[in-house]
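Heads up: the sequence shown is residues 3 to 80, going by the working numbering. Working notes, beginning with the structure itself.
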Amino acid sequence: MLTAHFYGGLLMVNPELHLWRAVLVAGLDDAAKAKTPADAAWIRSRDFVLVCHLAQVDPQAVLRAYRPERFLTAKKAA
């Protein structure tokens with residue numbers, strides 16, 4: 003599952019970290035499904051960088067690994 007990449011083994015160790023990683027994944031999902039370039043601009047914003055820091059991940063590493071098609075083809079959990 004795609005989100006496992008961001009969560010690693012820290013799912014319930016730190017609830018705040020879990021929350022911010024969920025926010026990051028949701029933002030990446032929204033950007034992948036954006037209808038206009040402006041809708042996808044979040045991944046280049048200061049807010050994106052802040053969320054990455056709160057999620058304790060490197061923003062540049064996230065951008066290098068980001069592939070919108072992964073979100074578009076990912077199956078939803080039942």
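Note that CB positions come from ideal geometry on N, CA and C, so glycine has one too.
Classify residue i: buried if its beta carbon has 16 or more other beta carbons within 10 angstroms, exposed otherwise.
i: residue 52; result: exposed
i: residue 21; result: exposed
i: residue 23; result: buried
I believe residue i touches residue j by the beta-carbon criterion, under 8 Å. Please report the beta-carbon distance rounded to the nearest angstrom.
i: residue 74; j: residue 35; result: 7 Å
i: residue 50; j: residue 61; result: 7 Å
i: residue 57; j: residue 19; result: 7 Å
Can you give me the C-alpha to C-alpha distance between residue i and residue j, rounded to a whole angstrom?
i: residue 71; j: residue 32; result: 12 Å
i: residue 59; j: residue 43; result: 19 Å
i: residue 28; j: residue 48; result: 16 Å
i: residue 55; j: residue 25; result: 12 Å
i: residue 17; j: residue 46; result: 26 Å
i: residue 67; j: residue 41; result: 19 Å
Let's see if you can read the secondary structure: which residues bound the alpha helix (DSSP H) around residue i?
i: residue 49; result: 48–56
i: residue 67; result: 61–67
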